[in-house]
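These notes are about the structure you will find just below.
Laid out in structure tokens, this is it:
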């Protein structure tokens with residue numbers, strides 16, 4: 002197995018949900034952590050609960066300059082990033098394409114696509130120079146199994162999935178691994194964010210089912226990054242037992 006005791010992991014979107022759970026999982030393996038998100042108060046609280054060296058960084062992945070500034074401002078002991086977990090991402094709205102808010106679409110593109118590729122492009126050269134690294138991208142089953150009104154969200158996650166596979170091709174021969182995590186229904190702040198803070202509507206998403214938890218996804222990340230060095234976990238698709246691909250939908254007349 003790969004030990005994380007001398008590794009440095011950067012987790013974006015670390016203030017809640019999958020990012021927060023991943024911080025706990027990797028800290029349990031002894032990794033030093035860079036926790037990045039917009040809500041630094043939450044990051045500080047999280048850092049205080051961890052027993053490993055931790056650096057907190059304010060970050061909005063929608064702003065390329067803030068990514069550059071965050072990386073340039075890392076303390077010396079945190080600069081050699083071994084693991085990048087591109088977790089920052091979101092869904093906004095659940096409307097058909099003709100009724101969706103264009104601003105929502107643009108935020109999803111800026112966050113899920115542009116933010117992820119910018120962070121990857123800026124971190125990857127250092128990994129290649131040092132001859133080690135692992136990039137973990139958080140995609141979604143929505144990138145494979147499209148459902149009504151997912152439109153730009155699903156398309157953005159399809160991009161993440163394809164980009165992850167393309168990175169594998171580009172990095173063939175280099176000791177850098179790439180893993181794409183594709184969760185199904187996971188109960189975090191995801192639906193509350195999607196519905197712009199409407200907790201009642203968000204709660205209905207998980208009503209009468211047992212969804213995945215942030216910890217479930219974090220454990221899959223832990224497994225992938227601690228796998229033996231010769232082993233690359235390309236993709237992990239995870240759904241709760243009570244969820245399955247729905248197949249092709251047909252609208253009948255009458």
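In the numbering used here, the protein residues as written are 2 to 255. Glycine included, C-beta positions come from ideal geometry on N, C-alpha and C. Because the structure is a prediction, the values reported are computed rather than measured.
Contained alpha helix (DSSP H) runs [length at least 4] in the region 28-65, N- to C-terminal order
Those alpha helix (DSSP H) runs which fall completely within the region 28-65 and span 4+ residues are 41-49.
Counting C-beta neighbours from all protein chains within 10 Å, is the total for residue 140 16 or more, i.e. buried, or is it exposed?
Burial is judged here by how many other beta carbons sit within 10 angstroms of a residue's own beta carbon; residue 140 has at least 16 and is buried.
Using 8 Å as the threshold, is the C-beta distance between residue 225 and residue 180 below it?
Yes, they are a contact pair.
Run through DSSP, which three-state label would residue 13 get?
Judged by DSSP in its simplified three-state form, residue 13 adopts strand.
Alpha-carbon spacing of residue 92 relative to residue 154, whole angstroms:
Rounded to the nearest angstrom, the two C-alpha atoms are 6 Å apart.
By the three-class DSSP mapping on this structure, what secondary structure does residue 25 have?
DSSP places residue 25 in helix when its eight states are reduced to three.
In the DSSP output, which residue or residues are listed as bridge partners for residue 242?
Residue pairing by DSSP places residue 242 opposite no residue, since no beta bridge is assigned to it.
Going by DSSP, what residues sit across from residue 134 in a beta bridge?
Bridge partners of residue 134: 177.
Residue 13 and residue 128: beta carbons closer than 8 Å?
No. Outside cutoff.
Kindly confirm or deny that the region 34-47 and the region 58-68 touch, where touching means at least three C-beta pairs closer than 8 Å.
Yes, they touch.
Write down the C-beta distance between residue 185 and residue 240 rounded to the nearest angstrom, noting that I regard them as a contact closer than 8 Å.
Going by Cβ atoms, the distance from residue 185 to residue 240 rounds to 3 Å, so yes, they are a contact pair.
Assign residue 231 to one of two classes, buried (16 or more other C-beta atoms within 10 Å of its C-beta) or exposed (fewer than that).
Per the 10 Å Cβ criterion, exposed.
If you check the beta carbons only, do residue 176 and residue 3 fall under 8 Å apart?
Cβ atoms of residue 176 and residue 3: not closer than 8 Å.
CA-to-CA distance, residue 156 to residue 148, given in whole angstroms:
When rounded, the distance between both Cα atoms is 11 Å.
With a CB to CB cut of under 8 Å and the five nearest residues on each side skipped, what residues in its chain are close to residue 63?
108, 111, 112, 115, 116, listed in sequence order.
Please report the distance separating the alpha-carbon of residue 248 from that of residue 150.
Taking the straight line joining both Cα atoms gives about 16 Å.
Residue 53 versus residue 79: straight-line alpha-carbon distance, rounded
Roughly 12 Å between the two C-alpha positions.
Integer-rounded CB distance, given that residue 227 should sit under 8 Å from residue 183:
Rounded, the Cβ-Cβ distance is 19 Å, inconsistent with contact.
Compute the beta-carbon to beta-carbon distance between residue 28 and residue 15, rounded to the nearest angstrom, for a pair I have assumed lies under 8 Å.
The C-beta distance from residue 28 to residue 15 rounds to 11 Å, too long to meet the 8 Å contact threshold.
Taking the alpha carbon of residue 122 as the point to measure from, which residue in 244, 165, 22 has its own alpha carbon closest?
Ranking 244, 165, 22 by Cα distance to residue 122 puts 165 first.
Whole beta strand (DSSP E) runs in the region 65-147 with 3 or more residues, listed along the chain?
84-87, 134-139, all fully within the region 65-147.
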